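Chains as they are written, first to last, in the numbering used here: chain A, 1 to 114; chain B, 1 to 110. Quick reminder that beta carbons are idealized off the backbone N, C-alpha and C, glycines included. Source: prediction; values computed, not measured.
As structure tokens, this is what we get:
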């Protein structure tokens, strides 16, 4: 499968715990995006990388959230001291940054904070 | 005010019907426009890009009116498999980050 992959697909955690999600983009794509989607809403932009550089962060990304893309390939999103309001689907997308700029989404990681 | 606004629906239509969705966006600097489709508990997938001249892909027609900041999607001859949420999407700058509407749910009944 050469699409965007995300792990884990589901994560249940207790409030206050830290969680980390991983995204593997399509191999030749240099841009990688993180979005968050809650029930009944469209995805909301969190942050994006061009290669290893994190170029923009949404104000939604509080200081409890951190994202990395250390070698310009896979990316991780960490949430520290999780809160119930963090429960959502976390989606990763990638694009080549040329041509149509179509973003290809991964299947998402569904986080439930109890 | 949300940057991209859509009627949440649901639109409940019989097979074979024609259905139209509308969307408005608030930022006149928006550069690119799309319709994405999202099935329940799945990731969004690009349905079609939207151009000022309008564009058609089979049973799907998209229109953009920059002056009114309005985007539409027309689905002809609805199929059961068209049942999904349709997301109106714009991007505004060189980051190409996507700004999504809340989605319009379509239910096509037999």
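Counting only C-beta atoms, is residue i closer than 7 Å to chain B at any point?
| i | result |
| --- | --- |
| residue 90 of chain A | no |
| residue 45 of chain A | yes |
| residue 42 of chain A | yes |
| residue 25 of chain A | no |
| residue 56 of chain A | yes |
| residue 8 of chain A | no |
| residue 105 of chain A | yes |
| residue 120 of chain A | Outside the shown range of chain A, which is 1 to 114, sits residue 120 of chain A, and nothing can be said about it. |
| residue 28 of chain A | no |
| residue 83 of chain A | no |
| residue 102 of chain A | yes |
| residue 72 of chain A | no |
| residue 108 of chain A | yes |
Tell me the rounded alpha-carbon separation between residue i and residue j.
| i | j | result |
| --- | --- | --- |
| residue 97 of chain B | residue 93 of chain A | 10 Å |
| residue 23 of chain B | residue 67 of chain A | 32 Å |
| residue 87 of chain A | residue 61 of chain A | 14 Å |
| residue 55 of chain A | residue 46 of chain A | 11 Å |
| residue 78 of chain A | residue 5 of chain A | 17 Å |
| residue 35 of chain A | residue 60 of chain B | 27 Å |
| residue 106 of chain A | residue 56 of chain B | 27 Å |
| residue 57 of chain A | residue 17 of chain B | 42 Å |
| residue 66 of chain B | residue 102 of chain B | 20 Å |
| residue 89 of chain B | residue 14 of chain A | 34 Å |
| residue 87 of chain B | residue 42 of chain A | 7 Å |
| residue 80 of chain A | residue 100 of chain B | 26 Å |
| residue 12 of chain B | residue 111 of chain A | 31 Å |
| residue 39 of chain A | residue 84 of chain A | 14 Å |
| residue 108 of chain A | residue 33 of chain A | 12 Å |
| residue 26 of chain B | residue 69 of chain B | 7 Å |
| residue 113 of chain A | residue 49 of chain A | 27 Å |
Quick check on this structure: which residue in the options has the alpha carbon closest to the alpha carbon of residue i?
| i | options | result |
| --- | --- | --- |
| residue 76 of chain B | B:7, B:27, B:9, B:14 | B:14 |
| residue 19 of chain A | A:95, A:97, A:90 | A:90 |
| residue 108 of chain B | B:42, B:50, B:80, B:99 | B:80 |
| residue 71 of chain B | B:1, B:12, B:10, B:36 | B:36 |
| residue 69 of chain A | A:15, A:16, A:11, A:21 | A:21 |
| residue 73 of chain A | A:51, A:65, A:64 | A:51 |
| residue 75 of chain A | A:108, A:98, A:24 | A:24 |
| residue 92 of chain B | B:53, B:34, B:39 | B:34 |
| residue 53 of chain B | B:46, B:2, B:64, B:85 | B:64 |
Please report whether the beta-carbon of residue i lies at a distance below 7 Å from any beta-carbon of chain A.
| i | result |
| --- | --- |
| residue 97 of chain B | yes |
| residue 21 of chain B | no |
| residue 102 of chain B | yes |
| residue 73 of chain B | no |
| residue 46 of chain B | yes |
| residue 56 of chain B | no |
| residue 87 of chain B | yes |
| residue 15 of chain B | no |
Counting along the chain, where does the beta strand (DSSP E) carrying residue i start and finish?
| i | result |
| --- | --- |
| residue 12 of chain A | 10-13 |
| residue 86 of chain B | 84-91 |
| residue 5 of chain B | 4-6 |
| residue 25 of chain B | 19-25 |
| residue 52 of chain A | Taken as a continuous stretch (DSSP letters only), residue 52 of chain A belongs to no beta strand (DSSP E), as it is neither H nor E. |
| residue 29 of chain B | No beta strand (DSSP E) contains residue 29 of chain B, which DSSP labels as neither H nor E. |
When every heavy atom of the ligand NAP is checked, does at least one fall within less than 6 Å of the C-beta of residue i?
| i | result |
| --- | --- |
| residue 14 of chain B | No copy of the ligand NAP appears in this structure; indeed no ligand is present at all. |
Pull the bridge partners of residue i from the DSSP assignment, please.
| i | result |
| --- | --- |
| residue 106 of chain B | B:11, B:84 |
| residue 45 of chain B | B:37 |
| residue 5 of chain A | A:24 |
| residue 45 of chain A | A:35 |
| residue 57 of chain B | B:60 |
| residue 100 of chain B | B:89 |
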